[in-house]
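Number 167 in our numbering belongs to position 160 of the sequence shown; there are no gaps in the numbering. Step one of this worksheet: look at the structure below.
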Amino acid sequence: MTRMVVVLIAASLLSRAATAGEERFRLRLSSGTEVQVRLMRPSESAVRLPAIVVLGGLQRGCGVVDLIPHTTNAVLVGFDYPVALPERVSWTDVLPIARRLERGIHETIEAVARLQALLMRRPDVDAARLSIVGVSFGAPFAVIGAAQEGYRGVVIIDGFGDLPYTLRHQFARRWRARYGVLGDALAWLAETAALQLVDVPDLEAAARSLRATQSVYVIDAEVDEFLPERSRRALHEALRRSSAELTIETMPGGHVRAADEQKISRLYAHATDWMRRQGLLN
């Protein structure tokens with residue numbers, strides 16, 4: 008049934024496949040959840056174009072395609088995450104948030120796989136040149152998606168590993184100012200409780216399983232006020248143990264923010280230059 012749904016959706020797109028401009032459609036996941044997808048095709052040329060799936064921060068969803076310069080030589084794809092978390096989190100909210108987060112994690116991983124299947128079937132897409140870009144919160148899903156599916160290029164911007172420690176760090180950042188030293192203790196309790204409820208994917212195992220046919224480009228902020236060094240190092244070490252070709256670069260400044268459009272443009276320019284060197288873009 009799942010394969011049939013994918014084929015039917017793909018077939019409905021074929022008649023429009025070579026039309027330049029924006030397409031919007033919905034992917035229905037196995038849970039019944041629907042996610043909105045935006046696909047930007049820059050040209051009506053009959054030439055098959057590479058495709059880039061972009062996973063931005065949690066609040067951006069498919070709007071991430073508006074934050075990056077539209078390329079003339081690739082199809083850009085973004086989608087809305089099937090989970091929404093509040094900006095402010097009380098320690099009493101941890102358990103219900105954990106349940107929503109677990110479902111959202113698995114639905115996002117499924118959406119990445121469904122998109123890869125759709126892109127592989129599109130007549131206007133070069134199936135041999137599919138890339139996935141993960142920025143901040145989107146980075147783990149890009150790594151897991153690349154490990155499970157056929158994305159040849161993987162770009163990680165301000166990414167992280169060691170999900171349990173990263174989760175604790177985020178709780179502590181919010182609660183330390185309010186509760187002082189007690190905030191760190193509450194963060195540890197929140198992490199422990201959340202991980203008892205949430206089936207967290209093994210991000211490092213996914214990173215280690217990347218294949219020799221894949222290439223990975225990591226861009227880290229010089230001073231990342233959002234992510235602890237331990238989390239970044241965990242991802243680097245796992246990627247180095249994979250068979251994929253790995254390039255790691257550090258860029259000046261802090262953690263990428265959606266409001267900093269100039270920085271996003273610079274980072275994307277670095278990413279596309281790397282993709283061209285890898286033969287993933289024209």
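Backbone N, C-alpha and C define an ideal beta-carbon position, used for all residues, glycine too. Owing to the predicted nature of the structure, the values given are computational and were not obtained by experimental measurement.
- Task: Output the distance between the C-alpha atoms of Ile-112 and Val-225, rounded to the nearest integer angstrom.
- Result: As a working mapping, residue 112 is identified with position 105 in the sequence shown. As a working mapping, residue 225 is identified with position 218 in the sequence shown. Spanning the two alpha carbons is a distance of roughly 22 Å.
- Using 8 Å as the limit for Cβ to Cβ distance, is Arg-218 near chain D? The chain labelled as chain D is not found in the depicted structure, where only one protein chain is given.
- In this structure, does DSSP put Ile-116 in helix, strand or coil? Along the sequence shown, one-based indexing puts residue 116 at 109. Looking at Ile-116 - three-state DSSP - the assignment turns out to be helix.
- Item | Residues bridged to Thr-257 [DSSP beta-bridge criterion] | Sequence index remark: in the sequence shown, residue 257 carries index 250 (1-based). The partner list for Thr-257 (beta bridge, DSSP) reads Asp-227.
- Query: How should Thr-279 be labelled, buried or exposed, when 16 other C-beta atoms within 10 angstroms of its C-beta is the threshold for buried?
  - Reply: Sequence index remark: in the sequence shown, residue 279 carries index 272 (1-based). Buried.
- Message: Quick check on the DSSP output: what are the complete alpha helix (DSSP H) runs of length 4 or more inside the region 156-200, in order along the chain?
- Response: 170-186
- Item | For Asp-280, three-class secondary structure by DSSP | Within the sequence shown, the letter at position 273 stands for residue 280. Correct three-state label for Asp-280: helix.
- Item | Arg-185 classed as buried or exposed, judged by whether at least 16 other C-beta atoms fall within 10 angstroms | Residue numbering aside, residue 185 sits at position 178 when the sequence shown is read from its first letter. It is exposed - the Cβ of Arg-185 has fewer than 16 other Cβ atoms within 10 Å.
- Item | DSSP three-state assignment for Gly-141, whether helix, strand or coil | Your numbering for residue 141 matches position 134 in the sequence shown. Residue state, collapsed to three classes: strand.
- Query: Three or more beta-carbon pairs under 8 Å between the region 164-179 and the region 221-241, yes or no?
  - Reply: yes
- Message: I'd like the list of long-range same chain contacts for Asp-87, defined as Cβ closer than 6 Å, with 5 residues on each side in sequence excluded.
- Response: Here residue 87 is taken as the residue at index 80 of the sequence shown, counted from 1. The answer, listed in chain order, is Val-42, Gln-43, Gly-68, Cys-69.
- Message: For Glu-211, which residues in the same chain have their Cβ closer than 7 Å to its Cβ, ignoring the five residues on either side in sequence?
- Response: Translated into the one-based positions of the sequence shown, residue 211 becomes position 204. Around Glu-211: Gly-168, Ala-241, Ala-245.
- Is it true that the region 175-182 meets the region 153-163, where meeting means three or more beta-carbon pairs spaced less than 8 Å apart? no
- Task: Put Tyr-264 into one of helix, strand or coil per three-state DSSP.
- Result: Stepping through the sequence shown from its first residue, residue 264 is reached at position 257. It should be noted that the sequence gives Arg, not Tyr, for residue 264. DSSP places Arg-264 in coil when its eight states are reduced to three.
- Task: Output the distance between the C-alpha atoms of Thr-199 and Tyr-172, rounded to the nearest integer angstrom.
- Result: Here residue 199 refers to the residue found at position 192 when the sequence shown is read from its first residue. Here residue 172 refers to the residue found at position 165 when the sequence shown is read from its first residue. C-alpha separation (whole angstroms): 10 Å.
- Message: Quick check on the burial criterion: 16 or more other C-beta atoms within 10 angstroms. Buried or exposed for Gly-286?
- Response: Counting from 1 along the sequence shown, the entry for residue 286 is found at position 279. Gly-286 is exposed by the Cβ-count criterion.
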